[in-house]
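Single-structure report; data block below.
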Amino acid sequence: MDRREFMTGAMALAGSVAMPALARAQQAAEISFFYPVAVGGPITKLIDAYASGFAGENASLKVNPIYAGTYQETIVKALTAHKSGTPPVLSVLLSTDMFTLIDEDAIVPFDEFVKTDEDKKWLASFFPGFMENSQTGGKTWGIPFQRSTVVLYWNKELFKEAGLDPETPPKTWAEQLAFAQKLTKRDAAGNVTQWGIQIPSSGFPYWLFQGLSTQAGSILANPAGDKTDYANPAVVEALQYWVDLAQKHKVHPPGIVEWGTTPRDFFERKVAMMWTTTGNLTNVRTNAKFPFGVGLLPAGKRLGSPTGGGNFYISKKASKAEQEAAFKFVRWITTPERAAQWSIDTGYVAVRPDSYETAAMKKYAADFPAALVARDQLPHAVAELSTHENQRVTKALNDGLQAALTGTKAPQKAMEDAQAEAERILKPYR
Amino acid sequence: MSAAAKPAKLPAGSITRTDPYAPTGLSLTLESFGAILLALIWVLPLAYAVWAAFHPSEFTTRFELTAPLTLENFSRAWAAAPFARYFLNTFVLVTLILACQLVLGTLAAYALARQDFWGRDVAFALILAQLMIMPDALIVENYRTMAKFGLVDTITAIALPYIASAFGIFLLRQTFKTVPKELDDAARVEGASPLQVLMKVYVPLAKPTYIAYGLVSVSYHWNNFLWPLLVTNSVEARPLTVGLQVFSSTDQGIDWAVICAATLMTSAPLLVGFLLFQRQFVQSFMRAGIK
Amino acid sequence: MNTRATATLHGWLLLLPAMACLALFTHWPAVASFIDSFYSTPRGRRPARFIGLDNYQQMLADPIFWKAMTNNLWFALGTVPTSIALALLMAVWVNDRILARTWVRMAYFTPTVLPMIAVANIWLFFFTPQYGLLEQIVAFFGGRPTNWLGSQDTALYAVTIVAVWKEAGFFMIFYLAALQTIPPSLGEAAAIEGASRWTYFRRIQFPLLMPTTLFVLINAMINAFRMVDHLFVMTRGGPDNATTLLLYYIYQVGFSFWDTAYAAALTCVLLALLALIAFIQYGWLERRTHYR
Chain A
1 MDRREFMTGA
11 MALAGSVAMP
21 ALARAQQAAE
31 ISFFYPVAVG
41 GPITKLIDAY
51 ASGFAGENAS
61 LKVNPIYAGT
71 YQETIVKALT
81 AHKSGTPPVL
91 SVLLSTDMFT
101 LIDEDAIVPF
111 DEFVKTDEDK
121 KWLASFFPGF
131 MENSQTGGKT
141 WGIPFQRSTV
151 VLYWNKELFK
161 EAGLDPETPP
171 KTWAEQLAFA
181 QKLTKRDAAG
191 NVTQWGIQIP
201 SSGFPYWLFQ
211 GLSTQAGSIL
221 ANPAGDKTDY
231 ANPAVVEALQ
241 YWVDLAQKHK
251 VHPPGIVEWG
261 TTPRDFFERK
271 VAMMWTTTGN
281 LTNVRTNAKF
291 PFGVGLLPAG
301 KRLGSPTGGG
311 NFYISKKASK
321 AEQEAAFKFV
331 RWITTPERAA
341 QWSIDTGYVA
351 VRPDSYETAA
361 MKKYAADFPA
371 ALVARDQLPH
381 AVAELSTHEN
391 QRVTKALNDG
401 LQAALTGTKA
411 PQKAMEDAQA
421 EAERILKPYR
Chain B
1001 MSAAAKPAKL
1011 PAGSITRTDP
1021 YAPTGLSLTL
1031 ESFGAILLAL
1041 IWVLPLAYAV
1051 WAAFHPSEFT
1061 TRFELTAPLT
1071 LENFSRAWAA
1081 APFARYFLNT
1091 FVLVTLILAC
1101 QLVLGTLAAY
1111 ALARQDFWGR
1121 DVAFALILAQ
1131 LMIMPDALIV
1141 ENYRTMAKFG
1151 LVDTITAIAL
1161 PYIASAFGIF
1171 LLRQTFKTVP
1181 KELDDAARVE
1191 GASPLQVLMK
1201 VYVPLAKPTY
1211 IAYGLVSVSY
1221 HWNNFLWPLL
1231 VTNSVEARPL
1241 TVGLQVFSST
1251 DQGIDWAVIC
1261 AATLMTSAPL
1271 LVGFLLFQRQ
1281 FVQSFMRAGI
1291 K
Chain C
2001 MNTRATATLH
2011 GWLLLLPAMA
2021 CLALFTHWPA
2031 VASFIDSFYS
2041 TPRGRRPARF
2051 IGLDNYQQML
2061 ADPIFWKAMT
2071 NNLWFALGTV
2081 PTSIALALLM
2091 AVWVNDRILA
2101 RTWVRMAYFT
2111 PTVLPMIAVA
2121 NIWLFFFTPQ
2131 YGLLEQIVAF
2141 FGGRPTNWLG
2151 SQDTALYAVT
2161 IVAVWKEAGF
2171 FMIFYLAALQ
2181 TIPPSLGEAA
2191 AIEGASRWTY
2201 FRRIQFPLLM
2211 PTTLFVLINA
2221 MINAFRMVDH
2231 LFVMTRGGPD
2241 NATTLLLYYI
2251 YQVGFSFWDT
2261 AYAAALTCVL
2271 LALLALIAFI
2281 QYGWLERRTH
2291 YR
């Protein structure tokens, strides 16, 4: 049955009153595919187009994409569907959900589908930075799809006004601070009218903090996902640097900086430099009324940034045939050309280096060089923080970071508390 | 008090009595000033939504009278998410809930108000328990139940925990109790069955209660968020509120212009309905004796 | 005796549909939460097992739980009296023949018809540092800039204000309906006695509004434990749990951490709190009814 007809028909309405989408999908014997949307733009239309493109080339197979909300909502839905018996065959979920999905016995590794040499070559073709979050215990559980990383955006106009070279972003922590000091403006009453730098800290501060902690030379969790290292001196040093930007040097807004309003702050010229996701490229390009630059995050002891975003996972409860079909779709959608086009359309990072050699990507990058920054940063990128009981262990860190940034705990104490809480949660997993 | 039997005339705007305590002169001016000031504060979010929705996004945070007007935010919002489908879902949802609530509530209220039977008081107490233990507190277990029934991601699942409403039963019971017993007896003498008596005597007299309760129920469920968020996955079942949240919480940060356009769009039916019927609305409350 | 049996049968038949739904979606889940709170959360291949009071012990040692409880207490203290007082004030104003009365009444009521999840985004703009509406106003009067939602001192106030704004107009309708049913003759009689307006309000209007106040009070108390929608947009419970309310924490534990057993134990605490409120208020209600 044609999907559009299905959706608009009266039958569909009757269906949605009483029958879950999954059951509706599986009646038609299709590969159900849950995906989230985390960036603006016509993602739903793009995915639908992929599904029909795939169906065009593989008459016997049909992918039925189901838009399941944000990442958070999609994992909730996929897991509950898993528990109640009819999970989607394929889903795009956060790369950090890997351990949770393994613990829930919800996914199968991709290794069992990789048979030919060609398959093996394909598996080795992704950026290693993305694979860190996709592999554990010698197996590959996820395939990178809509992935991102944190980069620095700066306002070239404000750089010029402050007497800085508009083409040169800060390269080190010291430069970042020095630039921010020049870029912070105060009115006669001493109130700040323009901040030097902004690193968002609402919702998921751990992700941006991972940039700092990596640059300070630490890794927040081990690859097995059962031990964190929040109280490491390098981690505390990284947090101290962040806290100092706001509290000591007063070049960064005090308290919690809202993730959602940060791009707007940048457009309003209330902040000269911001850290945010590469997923914001298209947004900034459309809305910034001034020339802007995109650069690597400045280096501390080293360069560093976390990766983020979603991987493909295949359900364990699906039949062998369904799993094989889902694998075929994943291979189909991650060819260099499609990965490049997906990156151009959405602003996500293309997941494999050879995508950047395609004609389409070269043409795009010639027009918009900022699109290549993510690729240049990826060799220095690390896996996004991910452990068993990921949400809880991450929340321990988030709470500690917010406590330090709002000034209720010293960085040292905040990280010790977070580490103690993470230890308590992770102990049973060792 | 006798709610249903009350004379139907006492509309808010046209009171002809002389109230010795009605403020006049300076005190009226002061009172009006205070009331209008508070009203301005209260309507500010809506006013801002209108501003942001009808102006290009660079004027979202700047209030200049000369800013150009635009409808582009509405078309962008409409294109960004399947709002037509969400509207349909919400419409089906509130209709389904209200219809069930009224039928179930009427039957139960009639039994509690006019039938004398074994276990009535216990039943009433059990029903009243829901006034306190609201369905929102039971999300974890109710989710489990829906999963067991295979109803997750359906409109039915959003509706089910709410279709038996203690508040509705309680209100209708109070109203039914005020119906004169003689009317009931007279209908019975004419040979009407209990259900006929209910339909012919009680239901018509309780009309204001039905309207007032209906309005409360519709506005509550039109705007309900947490439970629908948990229990729906797909566009086909998602109501407006959840659709709106999914649409406004992207990684790219907040675009107030589009969000405000979407907000106005999604609340327009309720807003317009209230503007048109606000007098009847207050009267229904008054006559329903909800106080 | 036979008629009595028939009446019982009829009565229960009429009650059956409503009772069945209530049993399935209110009574049973309440009992099930209680039972589940003594078991561990099943994960993957590990089934749930009986663990006695472990979940409750974990709760006692959980600082976030205590934080959520204190926050909720302050949230209730902030929203309940304020929204009731404002609702009463609005109703009295709108009941008088003030200027632009229809318009003012409409303004008070609009928050009720706007979805909380949507207006939370608008309030987010009001509270945004630097160019947010509140900051623009504060700056106009030469005040110090504040990061309302990003500071632990002010975030809870900010979400409380939004809740008061949301519900006061709704409660106003109840007061307004009640005010308009007070017979005008009472006012005339009081005026003949020479009572001042304040005395008339305090001695006559307010006592007559008592049943409404009780009704509104119950609703306001329940709302204090129910209103969490705006947290999803404005703070997500942060900074460092400064705005985490009990129901929001239940959502996090139940649907983000997937610790359903612990969530069940938290649900039991919420239910116990609500029962306690009911108990106190019904005790009071009983006395009031007697007094009337």
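Residue numbers (the numbering used here), protein chains in the order written: chain A, 1 to 430; chain B, 1001 to 1291; chain C, 2001 to 2292. Quick reminder that beta carbons are idealized off the backbone N, C-alpha and C, glycines included. A quick note: this is a predicted structure, and the numbers were derived from the prediction, not measured.
{"Query": "Inter-residue Cα distance where the pair is Leu1244 of chain B and Gly2011 of chain C", "Result": "43 Å"}
{"Query": "Nearest candidate by alpha-carbon position, reference Gly69 of chain A, set B:Thr1145, B:Pro1045, B:Pro1239 and B:Val1218", "Result": "B:Pro1239"}
{"Query": "7 Å Cβ cut-off: residues of chain C touching Pro1023 of chain B", "Result": "Asp2096"}
{"Query": "Any C-beta of chain A under 7 Å from that of Asp2062 of chain C", "Result": "no"}
{"Query": "Cβ-heavy atom distance, Val294 of chain A to the ligand COA, below 6 Å", "Result": "The ligand COA is not among the ligands present in this structure, which contains no ligands whatsoever."}
{"Query": "Close Cβ partners of Gln27 of chain A (< 8 Å) along its chain, the five nearest in sequence each way excluded", "Result": "Here the model assigns Gln27 of chain A a pLDDT of 42, short of 50, so the residue's position is not dependable, and the following value carries that caveat. For Gln27 of chain A, where only same-chain residues beyond five positions count, there are no Cβ hits under 8 Å."}
{"Query": "Best match in C:Ala2191, C:Phe2140 and C:Ala2163 for proximity to Pro2081 of chain C [C-alpha to C-alpha]", "Result": "C:Ala2163"}
{"Query": "Limits of the unbroken alpha helix (DSSP H) element including Tyr1213 of chain B", "Result": "Lys1207 to Asn1223"}
{"Query": "Cβ contact check for the stretch 301-310 of chain A and the stretch 380-398 of chain A: 3 or more pairs under 8 Å", "Result": "yes"}
{"Query": "Stretch pair the stretch 1160-1178 of chain B + the stretch 1126-1136 of chain B: three plus CB contacts closer than 8 Å", "Result": "yes"}
{"Query": "Inter-stretch contact at 8 Å, needing at least 3 Cβ pairs: the stretch 194-203 of chain A / the stretch 275-291 of chain A", "Result": "yes"}
{"Query": "Three-state secondary structure assigned by DSSP to Ile107 of chain A", "Result": "strand"}
{"Query": "Interface residues of chain C facing Arg1188 of chain B [CB-CB closer than 8 Å]", "Result": "Simply none; closest approach about 13 Å."}
{"Query": "Interface partners of Ala68 of chain A on chain B, CB under 8 Å", "Result": "Asn1233 and Ser1234"}
{"Query": "Residue burial classification, Ala2272 of chain C (beta-carbon count within 10 angstroms, cutoff 16)", "Result": "exposed"}
{"Query": "Under 7 Å (Cβ pairs) to chain C, residues found in the stretch 81-111 of chain A", "Result": "Asp103, Glu104 and Asp105"}
{"Query": "Status (buried if at least 16 other CB within 10 Å, exposed otherwise) for Leu1098 of chain B", "Result": "buried"}
{"Query": "is_contact[Glu1058 of chain B, chain C] using C-beta, thresh 7 Å", "Result": "no"}
{"Query": "For Arg24 of chain A, the three-state DSSP class (helix, strand or coil)", "Result": "Any answer about Arg24 of chain A is weak, because its pLDDT of 48 lies below 50 and its placement is not dependable; what the coordinates show is given next. It is helical."}
{"Query": "Host beta strand (DSSP E) of Ala272 of chain A (start-end)", "Result": "Val271 to Thr277"}
{"Query": "Own chain partners of Ala2158 of chain C with C-beta closer than 6 Å, once the 5 adjacent residues on each side are dropped", "Result": "Phe2127, Trp2148 and Leu2149"}
{"Query": "Residues of the stretch 2221-2243 of chain C with Cβ closer than 7 Å to any Cβ of chain A, in chain order", "Result": "Arg2236, Gly2238, Pro2239, Asp2240 and Asn2241"}
{"Query": "Bounding residues of the beta strand (DSSP E) (the contiguous stretch that carries Pro65 of chain A)", "Result": "Val63 to Tyr67"}
{"Query": "Any C-beta of chain D under 7 Å from that of Lys270 of chain A", "Result": "This model lacks chain D altogether; the protein chains it does include are A, B and C."}
{"Query": "Reduced DSSP category for Ser2033 of chain C - H, G, I as helix; E, B as strand; rest coil", "Result": "helix"}
{"Query": "DSSP beta-bridge partners of Pro144 of chain A", "Result": "A:Asn311"}
{"Query": "Distance, Ala1113 of chain B Cα to Thr2181 of chain C Cα", "Result": "24 Å"}
{"Query": "Test: Pro253 of chain A CB closer than 7 Å to a CB of chain B", "Result": "no"}
{"Query": "Supposed contact pair Pro144 of chain A and Val330 of chain A - C-beta distance, whole angstroms, cut 8 Å", "Result": "Contact flag wrong, Cβ pair sits at about 10 Å."}
{"Query": "Minimum length 4: unbroken alpha helix (DSSP H) runs contained in the stretch 1092-1136 of chain B", "Result": "1120-1132"}
{"Query": "Pair within 7 Å by beta-carbon distance, Met2059 of chain C and Phe2065 of chain C", "Result": "yes"}
{"Query": "Per-residue contacts from Arg2046 of chain C into chain B (C-beta, under 8 Å)", "Result": "Those do not exist, as Arg2046 of chain C stays about 18 Å from chain B at its closest Cβ, beyond 8 Å."}
{"Query": "Ala1111 of chain B beta carbon less than 7 Å from that of Leu1172 of chain B", "Result": "no"}
{"Query": "CB of Val2216 of chain C within 7 Å of CB of Ile2084 of chain C, strictly", "Result": "yes"}
{"Query": "Beta-carbon proximity of Asp1241 of chain B to Pro2115 of chain C, cut-off 7 Å", "Result": "The sequence shown places Thr at residue 1241 of chain B, not Asp. Yes. Within cutoff."}
{"Query": "Neighbouring residues, chain C, relative to Asn280 of chain A (Cβ below 8 Å)", "Result": "Those do not exist, as Asn280 of chain A stays about 18 Å from chain C at its closest Cβ, beyond 8 Å."}
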